[in-house]
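Numbering (the working numbering), first residue to last: 139 to 270.
Since the structure comes first, as structure tokens, the remarks are kept for the end.
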């Protein structure tokens, strides 16, 4: 894709995402769902739009669809703690407690991995007191 088309797709994704957030804030859940889907159509890798879609689907009571979207998010972003947390919440709402607990554990593990990655990226002197 030429760079100018990639930029247009990115702008389209953000514009649809902004409309989705506005619709969700105003309680227009079906419009939010449509706009989140349009955002993902413009940029399938836009994880914030997928998180928003999951939230809107949950608000609409479409738990099976929300779970499917969450599972797709986890496939694309296996180190995203929020994806596993969302899955755990959705599974709890369906009274699938053992699966929800397993997803919660994966969220915790992903969070620890993220924290370790961040800590390993810090300079060696981070957190040391000034020795002068």
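Where is the CB? At the ideal position from N, CA and C, for every residue including glycine.
The structure presented is a predicted model; accordingly, all values stated were derived computationally and were not measured.
In the three-state reduction of the DSSP assignment, residue 166 falls in the coil class. A distance below 7 Å between beta-carbons, with the five flanking residues on each side excluded, links residue 254 to no residue of its chain. Apart from the 5 residues on each side of it in sequence, residue 219 sits with its Cβ closer than 8 Å to the Cβ of 245, 246, 248, 249, 252 in its chain, given in chain order.
Counting only the Cα atoms, residue 237 lies some 30 Å from residue 155.
Annotation: the continuous alpha helix (DSSP H) that includes residue 219 extends over 219-231.
Here residue 234 carries a coil assignment [DSSP, helix/strand/coil]. Looking at 208, 214, 166, the one whose alpha-carbon comes closest to that of residue 198 is 166. Counted as a single uninterrupted DSSP element, the alpha helix (DSSP H) harbouring residue 193 occupies residues 185-197.
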